[in-house]
Each structure stands twice: as structure tokens, then as C-alpha cells.
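Chains as they are written, first to last, in the working numbering: chain B, 1 to 309; chain P, 310 to 562. Note that CB positions come from ideal geometry on N, CA and C, so glycine has one too. First up is the structure itself, then whatever we jot down about it.
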């Protein structure tokens, strides 16, 4: 199947000589939710801005829904909706007018029914006659999303959609993103909140210093790089890891009250049982135990700092 | 052609005018009326005719030009500067629109406002000074052509400006002096010969002269030259806009 977005050898060199993106290759499939993770300044927004036509690319090419974003920019851009990171809204326009404006700008005939639906879905219907400057930050964020959805895009970019957004809106937004996906919309989101990617994404790409360092299905990524940790709270503190357990990947906490056993989430099923048997043989009692799976956040932090020059 | 986009931008900009009615229509009408009261009625009654035209009537074309230029430039420059300032420009840049459509939307709206304003000022002037228009068609053509040309010029300033100060500099520091020294209040024949020559370097002279010809059939320079100069400036502005969008100057990094 033809990818919905195809980024081919894209580089961006700003006029000052700064290389913001370096030879990016990435395909995003129709109907998937793709999360682009990366630290500040890694190039996430630059990449999105290039695809949407806000920033010129220096090298390479990008296809959106099969259309070259430069040679065939009209067809390409018609398919794309963008919710930028900054809350850039008009101030004096009403919600209804600004959303209708966006639809027109993207070359679609007026469709009050559709606008009504978008506003209702985003709980903006009551505010449709309000001027934007009178809205709260969260409401403005909803307006930005409504604008992006006004022209029924088949590809939606969400650049840090939940930055500075309260819990309720974040939940609403996740719900909305899932609904859009059910309708076949391809969604690319960038985020700092790894739990967001963990919650929603099908695939995850990690970008660092303008290069994509990893693209993987979320579940595979978490399985592959995820670690599990078993913490055993001991009845009596130990001075050092007993000889019998030396072969196991076990460490002792500083106070000697905890044994920490780390293992691969996938591979080792027998390890825990073996460890516990050995401990019983040694007569080491524990009063409590805890297991913890590493989150995407741990994986991410590990990746971003790994091999960093 | 993305007609819906042109319409959306045009409508958006016109809505801005209705919101700022005091600033965009009332203020220029009041200030122009003051000129008519002071120079037309009060002082004008003590001045002799120029080229057989009463002084009050003589200054009308120049004063209309003054408002037209100022408002065209400030309307169009604000129209494109504000989205840049507030960041909403991202939407226009990411939309499936060509630069021609963007320009038609923004400049078309600014020019419409200026023409409306010009007509309102002409009607207001009639309250203070009796005048006739010899070539109404050409008068209106000049009005529209000037409004479009200077709205385009304003659009360029709006893109070039990176602060509110720069937006004000051109209308206040360049256009106003050029209009005042461009024969609004006097005929160029009245100047010493050396100044007549220097004055011909002022592009506004050609605008006012042509416009006055449309009103009264008399002009400082031949009307053909006036039309030619205006078209030349229009084409120069179009070329600049084409270059701006081709290179992404101050729009796309």
C-alpha cells in the first residue's frame, strides 16, 4: 500500500548554516497514529513544518497522499490539517467565523453542518459566537483543532497537542484522536508526554539532533527494549549479595533491605521462579515484593542519551 | 483557482474593516473634512483661483489622493502584518493557495476599502465645496488603479516590516511629505523653475496631476504620463510580490 506520507532523504539547512534535519527517511501508513518523540530542538516541528509547507526543505522530497508537496502542493495540502504547537489564533473573530475561514482557505465550499459537528465534537458549540480572545487557553486549543478539522483532512498533524492542557481536555483529545483514526484519518503527533505516545500511538519514531534514530511499532519497541524489575523487600538486611545468587542479575540496595532483580520482559520467564527458589534455599525471607515494567519514558531517555557524543 | 480561499481571505479582511469602522473610515473622513474647512472654506475664500478652479475645489483631488494612499498602505500592510505578528500566518502558508490568490484576497480587500473611503470623502467634500467631475469614468479608474497599486505597496511593506514602527514609517515619513510636496495644495507652475524640475522626481505628482485632470480637465503633466507612471509602479509592486513569494522572503524560512 502506498504510504500516506513519504519523506525521502529530507534535509533542512537554515540560512545560518544550522542543519536542523539530516537525511530523514520515513513512511507513514494510511490510518495509523504515529508519534514522533524527541527532546526540544531535535527537529520535530521543523519536519512537520516542511510537510505542511510552512518551511522550505533544502534537500529531498515529501509526498502527502501520493502528491509531491512542492510540485503538486495544492493536492498535497488539501489532504493535510495542522494543529501547531503555539496557540496562534485570531483575537477578534468569533469561533464560528474563524473555523469557517479555515475551511474556505483550504478550498472547500461552506458546510455549516460539518462545522457544527466539529464544534460539537470539541465541546465548542456553546462558544461558537464568542470572540476567541474571550476564551481560555484550553478552549483556544480546541479552536485550533476545529480549524484543522474544518476541511476534513485525511492526514492530521498534532504538534504537541496537549502541552499545557488540563487532564479533562487531554482525555477528550485522546478520545477524539481515536475516533478520527476509526474514520481512517492518519495522525502524526509530536509530544513530550511519553504517556501520550504510550497511550495512543501505533508506531513510534524517535528523532535526535535532526536524525531519526529509531522507528518501531510501539508494542514491539516496549517488548524489545522494555525491562522488568523485581524488588524484594527483605525481613533482615543483607551485607552483600549472597554467593548462591551471584549468578543472577541481582543487586542489593544501599541499605541492604532490598534485592533488585532486572530481567527482559520477553525472554526470561523462568528467572523469577529460580531466583525465589534459591532465596528460599538460602533462607532469605522477604516481606513484600514489587514488579515494575519500564515505561516508554525509560526507553526514550535511554535512547536519547545513548551514544550521545 | 481556489475561489473559496480568495473569498475567505477577502471576507475576513472586510470583517476587520467593519470592526474598526472608526479607524478605517471615520478618522480619515474627519481629518479630510478639517482640511476642507480650513483650506477650502476659511482660507480658500481669500485665495485666487488656480488654473481657473476655485482653491477649495483645486485641493480636492490631492486630498482624496492623500487619504487613498495612506489608507491603502496602512490597510494592506496591517492586513498581512497582523497574521505574521500573531502567528496565524501559518494557516495561509499551509493552505492550498497560490500567492496570486493570497494577494487577490488581501490586496483586493484593502483596495475595496480604499475605494469606498475615497468615494465617501468625495461625497463629504461636496458638502463643503461645490465641484464637478469632467471625466467621471477616468476619475473612478484613477481611484481604483491607485487603490490597487498602493494596497500592493502596503502589502509589501507589511511583509517587510518586522515591528510596528516600520509599519508607520513609510506612510508617515515618506508618503505624507511626497503628497504635500506633490502638488496637493498648489500647481507646480507656481514653483521656481528649479523646484519644478525636482518635483518631477516625486511619483505622487503624477498621481495627483492625473487625478486632477479627471476632475477638471487641467493637469501639471500630460495625463498619459500619469497613467504610465501609475502602471509602472503597479508593475514594480507586482514584481516585488512575485519575488517575495518565490523566495519566501520573511514568510518561509
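Asked, Found
"Residues that DSSP places opposite residue 18 of chain B in a beta bridge", "Answer is none; residue 18 of chain B lacks a bridge partner."
"Helix, strand or coil at residue 430 of chain P [DSSP, three-state]", "helix"
"Residue interval of the alpha helix (DSSP H) (run including residue 493 of chain P)", "Note, residue 493 of chain P: premise wrong, no alpha helix (DSSP H); not H, not E."
"Cα-Cα separation between residue 378 of chain P and residue 62 of chain B, rounded to whole angstroms", "43 angstroms"
"Chain B within 7 angstroms of residue 390 of chain P, Cβ atoms only", "no"
"Presumed contact (8 angstroms Cβ cut-off) between residue 86 of chain B and residue 396 of chain P, rounded CB distance", "6 angstroms"
"Nearest candidate by alpha-carbon position, reference residue 23 of chain B, set B:236, B:244, B:261 and B:211", "B:211"
"Unbroken alpha helix (DSSP H) run spanning residue 12 of chain B, endpoints", "Note, residue 12 of chain B: premise wrong, no alpha helix (DSSP H); beta strand (DSSP E) at 5-13."
"Residue 92 of chain B in three-state terms, based on DSSP", "coil"
"For residue 306 of chain B and residue 413 of chain P, the rounded distance between their alpha carbons", "52 angstroms"
"Distance CB(residue 225 of chain B)-CB(residue 204 of chain B) smaller than 7 angstroms", "no"
"Beta carbon proximity, residue 403 of chain P to chain B, threshold 7 angstroms", "yes"
"Residue 286 of chain B - containing beta strand (DSSP E), residue span", "286-293"
"For residue 61 of chain B, the three-state DSSP class (helix, strand or coil)", "strand"
"Residue-chain proximity (residue 521 of chain P, chain B), Cβ-Cβ < 7 angstroms", "no"
"Whole-angstrom C-beta distance between residue 418 of chain P and residue 319 of chain P, which should lie under 8 angstroms", "5 angstroms"
"Cβ-based contacts, 8 angstroms cut-off: residues of the segment 123-149 of chain B near chain P", "147"
"Neighbour-count burial assignment, residue 15 of chain B, 16 or more Cβ in a 10 Å radius", "exposed"
"Within 9 angstroms of chain P by C-beta, residues of the segment 92-126 of chain B in sequence order", "92, 93, 97, 98, 100, 101, 102, 103, 104, 105, 106, 107, 108, 109 and 110"
"CB contact below 7 angstroms: residue 559 of chain P versus chain B", "no"
"Residue range of the alpha helix (DSSP H) that includes residue 478 of chain P", "473-478"
"CB contact below 7 angstroms: residue 384 of chain P versus chain B", "no"
"Beta carbon proximity, residue 313 of chain P to chain B, threshold 7 angstroms", "yes"
"Contact set between the segment 170-182 of chain B and chain P, restricted to residues whose Cβ is under 8 angstroms from the partner", "none"
"Buried or exposed (CB count within 10 angstroms, at least 16 for buried), residue 129 of chain B", "exposed"
"Option in B:300, B:91, B:242 and B:55 with minimal Cα separation from residue 280 of chain B", "B:242"
"Beta-carbon proximity of residue 146 of chain B to residue 99 of chain B, cut-off 7 angstroms", "yes"
"Rounded distance between the beta-carbons of residue 382 of chain P and residue 462 of chain P, thought under 8 angstroms", "6 angstroms"
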